[in-house]
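In what follows, a structure is listed as structure tokens, so that the remarks can point back to it.
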Amino acid sequence: MSGFNGLAVPGPTNMPFEVRRAMDVALEDHRAPDFPEFTLPLFADLKKAFMIENGQVFVFPGSGTGGWESAIANTLSPGDKVLASIFGQFSYLWVDMCQRFGLDVDAIDCEWGTGVPVELYEKKLAADTNHEIKAVLVTQNETATGVTSDVKAVREVLNSLGHPALLFVDGVSSIGSIEFRQEEWGVDVAVSGSQKGFMLPTGLAIVGVSQKALDQRPKSNLPKCFFDYDDMVKTNKDGYFPYTPATTLLRGLRASLDMLLGEGLENVWARHTRLATGCRAGIAAWGLELCAKGPQWHSDTVSAIVVPEGYNANDVIGSAYGKYNLSLGAGLSKVAGKVFRIGHLGYMNELMVLQSLAGAELAMRDVGIPFESGSGVGAAVDYFASTGQAPALAAE
Ligand SMILES: *Cc1c(COP(=O)(O)O)cnc(C)c1O
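Okay, so the sequence shown: first residue is 11 according to this note's numbering, each after it adds one.
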């Protein structure tokens, strides 16, 4: 098919040319004496991206799922109690992993379209006077439903109760895109991957670990090998890895961090808010609803759009892909066929959002969903035009 493919799934995201060029290099010796000149500043800048000064950010070959595994295996023991909530496919899979590791999971079932039930967390943590709950799980951005939860509020609950549980955050589709402050929010393990906010191919698990979480490592009884934090600590300190790192991806990560930190994290967050707000204006103008049940849950990295009764969202996705070379995100599990998703994270600007909206309009027209042609695109145009440039662009 002629023309660029439209990639509007919430991961893998679009890869900037800067990142692609940075990876067009010969393979290199990861044990070379000058390799640390590359890796040590990279580790330091990763800490900036996670906003953590103490503790460390580890980069494993893998994906976000591997990052979850590292969090569990390095800090917990079989039978440990963890508090979690399920409100979409990713929060569900994380709980599933905890169970496979033999943890005792209290998983609160929430309506899909909502997020972490902070008040229920508070009740359960307050009742846990013996501090049996060892970790509290928060999926910051549920990518399946386009819902963002309040990580900071969960930290405040833990602090106000003086509860010592570790705070784990799945930030796979949020870190590097929307506000995330690991140290300020007291997050003990923050999990991300390379193919979403970091704008790289899949292949890295990127995990921010607090000193408190690192201190759990000797006490934890779960088997750990590939994801052992201790091996990383010992080798990373000199700029090396316990086994062969994905050097090419690390070169891409260098370029990605240069872009994110160059734009400024707060500008990156503001850009995502602006683009997401324009996208939501378009969806509302179609007369369609988001899967997210209210503005407090709106995600600035992905919107899940509910198709009207009697229509199948997969037909929209199929037409968009088959006829227009545009990938929209599918509904997963409980919302399969009911929603399609537009990702608006990473290397993204106004025109790319408009393209996704236009592509969705074409596909919805094919499928017969009633709406006024151009209404979504028009509403987004109005929003973008009336709110001026994102701060980062204005500054250039
Ligand atoms: C994509 C995603 C994952 C899974 O990450 P992989 O890199 O596919 O292993 C986990 N959690 C969330 C919130 C995600 O968006």
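Just so you know, even glycine gets a beta-carbon here, dropped at the ideal spot from N, CA and C.
Distance, Cα to Cα, residue i vs residue j?
i: Ala223; j: Asp180; result: 15 Å
i: Thr85; j: Leu93; result: 15 Å
i: Phe237; j: Gly76; result: 8 Å
i: Thr23; j: Thr139; result: 43 Å
i: Glu406; j: Ser187; result: Low confidence applies here, because Glu406 scores a pLDDT of 47, under 50, leaving its location unreliable and the question unanswered by this model.
i: Gly320; j: Phe381; result: 15 Å
i: Val377; j: Ser396; result: 32 Å
i: Glu47; j: His141; result: 44 Å
i: Gln306; j: Lys144; result: 28 Å
i: Ala373; j: Ser184; result: 28 Å
i: Asp116; j: Arg30; result: 43 Å
i: Gly297; j: Val316; result: 10 Å
The beta strand (DSSP E) with residue i in it runs from where to where?
i: Lys91; result: Lys91 to Ile96
i: Gln66; result: Gln66 to Pro71
i: Phe178; result: Leu176 to Asp180
i: Thr149; result: Ile143 to Thr149
i: Asp392; result: That residue, Asp392, is in no beta strand (DSSP E); its alpha helix (DSSP H) goes Ser385 to Thr397.
i: Val29; result: No beta strand (DSSP E) contains Val29, which is instead part of the alpha helix (DSSP H) from Phe27 to Ala32.
i: Ala223; result: No beta strand (DSSP E) contains Ala223, which is instead part of the alpha helix (DSSP H) from Gln221 to Gln226.
In the DSSP assignment, the alpha helix (DSSP H) including residue i goes from what residue to what residue?
i: Arg284; result: Leu275 to Trp296
i: Val105; result: Gln99 to Arg110
i: Ile327; result: Ala323 to Tyr334
i: Ala373; result: Glu360 to Val377
i: Ala59; result: Phe45 to Phe60
i: Ala408; result: The structure shown does not extend to residue 408, since the chain is modelled only from 11 through 406, so no value can be given for it.
Are residue i and residue j touching if we call contact CB-CB under 8 Å?
i: Ser95; j: Cys120; result: yes
i: Cys301; j: Gly123; result: yes
i: Gly249; j: Phe45; result: yes
i: Pro26; j: Thr311; result: no
i: Thr258; j: Val69; result: no
i: Phe350; j: Val387; result: no
i: Gly213; j: Pro71; result: yes
i: Asp160; j: Leu176; result: no
i: Gln150; j: Phe60; result: no
i: Gly156; j: Ser313; result: yes
i: Leu355; j: Gly16; result: no
i: Leu56; j: Leu267; result: yes
i: Tyr357; j: Thr287; result: no
i: Trp279; j: Glu189; result: yes
i: Val217; j: Val67; result: yes
Please indicate yes or no: does the CB of residue i lie closer than 7 Å to some heavy atom of ligand 2?
i: Gly203; result: No copy of ligand 2 occurs in the structure displayed; its ligands are ligand 1 alone.
Indicate, with yes or no, if ligand 1 has a heavy atom lying under 7 Å from the CB of residue i.
i: Thr158; result: no
i: Asp180; result: yes
i: Ser266; result: no
i: Phe68; result: no
i: Gly74; result: yes
i: Asn84; result: no
i: Lys206; result: yes
i: Asn151; result: yes
i: Thr212; result: yes
i: Glu21; result: Note that residue 21 corresponds to Gly in the displayed sequence, not to Glu. It does: the Cβ of Gly21 is within 7 Å (strictly closer) of some heavy atom of ligand 1.
Assuming residue i contacts residue j under a Cβ cut-off of 8 Å, what Cβ separation, rounded to an integer in Å, is found between them?
i: Leu285; j: Glu194; result: Not confirmed; about 25 Å, so no contact.
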